[in-house]
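As you go down the protein sequences, you meet chains A and B in turn. Numbers given in my numbering equal positions in the first sequence, counted from 1, plus 22. Numbers given in my numbering equal positions in the second sequence, counted from 1, plus 1169. Glycine included, C-beta positions come from ideal geometry on N, C-alpha and C. Single-structure report; data block below.
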Amino acid sequence: KAGVTQTPRYLIKTRGQQVTLSCSPISGHRSVSWYQQTPGQGLQFLFEYFSETQRNKGNFPGRFSGRQFSNSRSEMNVSTLELGDSALYLCASSLLAGAYEQYFGPGTRLTVT
Amino acid sequence: KNEVEQSPQNLTAQEGEFITINCSYSVGISALHWLQQHPGGGIVSLFMLSSGKKKHGRLIATINIQEKHSSLHITASHPRDSAVYICAVWEETSGSRLTFGEGTQLTVNP
């Protein structure tokens, strides 16, 4: 069974631009969660989607948004990029929503200049 | 104070040593993850547990729900075990979000 895939793996953007990251979960998994990892803040929860609905959202500004499609693939979008948005963005999939084992993708390394 | 605290933050060991990484949390949880992150970023789930003890190869994870404490043990450590080990908890009240510890950087020297 293929693992969680994320595209692109690396991205360089300029302040003020927007970016869309994509995550394809393990086949059969219906929940996708997104996380941000920075050297200063560590790993932080962004949001979770299940059956195309956002179930939970972390403490991030409205510039961070996401969605999930009927095939469980998910995208997250960051608008009006700031230097502080430079981070590793990880998605994880699980069979169902809530406290189920998470399977992480390789991450997208975003650099904002 | 972070809701999830790990100790130590950094750990250097010689190959073959027995290693323990500790995780304490201050909230009610439904389950706890131990994760491993290698340079380059990829994260692997080692264990998910809500009670007792689990073992996989040279790795053992234990949790004491009453004391709000979990430990990850590595027996007969090897240089390939060098990585960051992260404890993460599913908070009871939030339901569907993980709260992470800061991680423990483990270096095993040959």
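What number of angstroms, rounded off, separates the C-alpha of residue i from the C-alpha of residue j?
i: S46/A; j: A109/A; result: 20 Å
i: Q40/A; j: G1221/B; result: 46 Å
i: A1200/B; j: G38/A; result: 39 Å
i: V1213/B; j: I1229/B; result: 15 Å
i: L117/A; j: T29/A; result: 21 Å
i: L112/A; j: T1189/B; result: 27 Å
i: L132/A; j: T1268/B; result: 22 Å
i: L1241/B; j: R77/A; result: 30 Å
i: V26/A; j: V1277/B; result: 29 Å
i: L1215/B; j: L1204/B; result: 5 Å
i: Q59/A; j: P128/A; result: 12 Å
i: P1208/B; j: V1253/B; result: 8 Å
i: G62/A; j: T135/A; result: 18 Å
i: V1258/B; j: T36/A; result: 35 Å
i: K1237/B; j: T1181/B; result: 26 Å
i: T1273/B; j: C1256/B; result: 9 Å
i: P1279/B; j: I1243/B; result: 15 Å
i: S1195/B; j: E1172/B; result: 5 Å
i: G1142/B; j: R1249/B; result: With chain B represented from 1170 up to 1279, any question about residue 1142/B goes unanswered, as that position is not in the structure.
What does residue i touch in chain B if you count any residue whose Cβ is under 8 Å from its own?
i: G80/A; result: R1266
i: R95/A; result: Ordered by position in chain B, no residue passes the 8 Å Cβ test against R95/A, which lies about 19 Å from the chain.
I think residue i touches residue j, with their Cβ atoms under 8 Å apart; what is that distance to the nearest whole Å?
i: E1184/B; j: S1239/B; result: That pair is no contact at about 25 Å.
i: Q124/A; j: S49/A; result: In fact, because the Cβ distance is near 16 Å, the residues do not count as touching under 8 Å.
i: G1146/B; j: Q1175/B; result: The displayed coordinates of chain B run from 1170 to 1279. Any statement about residue 1146/B would go beyond what the structure contains.
i: L103/A; j: F86/A; result: The pair is not a contact, with the Cβ atoms about 11 Å apart (cut-off 8 Å).
i: F82/A; j: S53/A; result: With a Cβ gap of about 19 Å, F82/A and S53/A do not count as contacting.
i: T130/A; j: L65/A; result: In fact, because the Cβ distance is near 14 Å, the residues do not count as touching under 8 Å.
i: M98/A; j: G106/A; result: Not really, about 16 Å apart at Cβ, beyond 8 Å.
i: A119/A; j: S1265/B; result: 5 Å
For a contact defined as C-beta to C-beta under 8 Å, what are the partners of residue i on chain A?
i: A1200/B; result: A121
i: E1271/B; result: G64
Taking Cβ-Cβ distances shorter than 7 Å, what residues in chain A pair up with residue i?
i: W1259/B; result: A121
Cβ closer than 7 Å: which chain B residues qualify as neighbours of residue i?
i: R77/A; result: S1265
i: E70/A; result: S1265 and R1266
i: L132/A; result: Chain B residues near L132/A: none, gap ~12 Å exceeds 7 Å.
i: L117/A; result: Per Cβ cutoff of 7 Å: no residues; L117/A is ~12 Å from chain B at best.
Find the residues of chain A that neighbour residue i, judging by a C-beta separation of less than 9 Å, and give them in chain order.
i: S1214/B; result: A114, E123, Q124, Y125 and F126
List, in order along the chain, the chain B residues whose C-beta lies closer than 9 Å to that of residue i?
i: G129/A; result: G1209, G1210, G1211 and I1212
i: L33/A; result: Simply none; closest approach about 14 Å.
*asked:* Please give the ranges of any beta strand (DSSP E) in the region 1207–1267 of chain B, keeping only runs that are unbroken, at least 3 residues long and fully inside the region.
replied: Residue ranges of uninterrupted beta strand (DSSP E) with 3 or more members, entirely inside the region 1207–1267 of chain B and ordered along the chain, are 1212–1218, 1221–1225, 1228–1233, 1238–1243 and 1252–1260.
*Anything in the region 39–68 of chain A with a Cβ closer than 7 Å to a Cβ of chain B? List those residues in chain order, please.*
The region 39–68 of chain A vs chain B, Cβ under 7 Å: G64, L65 and F67.
*asked:* Under 9 Å, CB to CB, which of the residues in the region 1246–1257 of chain B have a partner in chain A?
replied: Of all residues in the region 1246–1257 of chain B, I1255 and A1257 have a Cβ within less than 9 Å of some Cβ in chain A.
*asked:* Ignoring anything shorter than 3 residues, give me the beta strand (DSSP E) runs that lie fully in the region 29–83 of chain A, in order along the chain.
replied: For the beta strand (DSSP E) assignment, the uninterrupted runs of no fewer than 3 residues enclosed by the region 29–83 of chain A are, from N- to C-terminal side, 32–35, 41–46, 53–60, 64–72 and 75–79.
*Counting only runs of 4+ residues fully inside the region 1173–1199 of chain B, write out the alpha helix (DSSP H) ranges in chain order.*
Whole alpha helix (DSSP H) segments, 4+ residues: zero.
*When you check each C-beta in the region 97–113 of chain A against every C-beta of chain B, which residues fall closer than 9 Å?*
Against chain B - using a Cβ distance shorter than 9 Å - the residues of the region 97–113 of chain A are L110 and L112.
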